[in-house]
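Undergrad:
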Amino acid sequence: MDNALVPLPYLTAQLLDFRTGQCLVLVATSVAARGLDIEQVQHVVNFDLPSSIDEYVHRIGRTGRCGNIGRAVSFFNPESDTPLTRSLVKVLSGAQQEVPKWLEEIAFSKCSYREKKSSPTQASR
Numbered sequence: 001m002d003n004a005l006v007p008l009p010y011l012t013a014q015l016l017d018f019r020t021g022q023c024l025v026l027v028a029t030s031v032a033a034r035g036l037d038i039e040q041v042q043h044v045v046n047f048d049l050p051s052s053i054d055e056y057v058h059r060i061g062r063t064g065r066c067g068n069i070g071r072a073v074s075f076f077n078p079e080s081d082t083p084l085t086r087s088l089v090k091v092l093s094g095a096q097q098e099v100p101k102w103l104e105e106i107a108f109s110k111c112s113y114r115e116k117k118s119s120p121t122q123a124s125r
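Now the structure itself:
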């Protein structure tokens, strides 16, 4: 749902269909992360991670509300998402969620993913 390109009556109808269960999947921009309270959302997929941890929390907060179980899945791009990793590890740990070892390694490594990627290897010298 891209509210900049779609007429408001159409957006409203699509949102109503999602709320009532007539539509099972809603694709939305970050605008949907705030202000929408839709019961029974079971899954949130972040195709791209936001630039701030607060926005991440708002996005995943759409699922598993009021004691319900929900699942959030996020695609991670080490070239663009590395600055968020330390905060992400803290949020996941604080929520008693499993933190992937590779994410912890990226979050707490001495140099960034880009620095590792661009540093010369022994073979290239």
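Residues 1 to 125 in full-length UniProt numbering are what the sequence shown lists, from first letter to last. From the three backbone atoms N, C-alpha and C, an ideal C-beta is built for every residue, glycine too. None of these values were measured; they are calculated from a predicted model.
1) Where do the ends of the alpha helix (DSSP H) carrying residue 19 lie?
2) According to DSSP, what are the bridge partners of residue 89?
3) Nearest-angstrom Cα distance between residue 125 and residue 18?
4) Can the beta-carbon of residue 44 be found less than 8 angstroms from the beta-carbon of residue 60?
5) Assign residue 38 to buried or exposed, taking buried as 16 or more other Cβ atoms, counted over all protein chains shown, within 10 Å of its Cβ.
6) Please identify the residue among 47, 51, 53 and 11 whose C-alpha is closest to the C-alpha of residue 36.
TA: In brief:
1) 8–20
2) DSSP lists no partner for residue 89.
3) With a pLDDT of 43 at residue 125, under the threshold of 50, the modelled position of this residue cannot be trusted, and the question is left open.
4) yes
5) exposed
6) 11
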